[in-house]
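Enquirer: Remember, my numbering sits 411 above the position in the sequence shown when you count from 1.
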Amino acid sequence: MKKINLRELYPDVYTTDFFVDVTEEVMETIRAAERAETAYERKMYRYKAQYSLDCENGIENSKKYIEYIANKKCI
């Protein structure tokens with residue numbers, strides 16, 4: 412049996428330390444979930460996959476079109 416602090420897993424719910432005994436299987440599942448989350452964050456950072464909520468699909472195409480029109484008017 413391993414002791415875990417629920418405040419570390421759920422800081423919004425547990426404001427003080429609350430220790431619970433868990434089995435090895437549960438502890439390994441928690442660790443696997445933490446490793447998967449860390450790997451996901453690392454992959455997002457590595458491939459620059461941060462998403463913005465204030466843009467639409469194709470916003471880069473709109474920008475290219477506006478630049479094209481602006482350059483065409485100058486000629």
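Just so it is clear, CB atoms sit at the ideal spot from N, CA and C, and this is done for glycine as well.
Could you tell me which residues DSSP pairs with Ile-415 in its beta bridges?
Expert: Val-431
Enquirer: Would you call the CB atoms of Asp-432 and Asn-416 closer than 7 angstroms?
Expert: Annotated as distal: Asp-432 and Asn-416, with beta-carbon spacing of 7 angstroms or more.
Enquirer: Roughly how many angstroms separate the alpha carbons of Met-412 and Glu-445, rounded to a whole number?
Expert: 19 angstroms
Enquirer: Is DSSP giving Val-437 helix, strand or coil here?
Expert: helix
Enquirer: Would you identify the three-state DSSP class for Lys-454, choosing helix, strand or coil?
Expert: Note: Lys-454 maps to helix in three-state DSSP.
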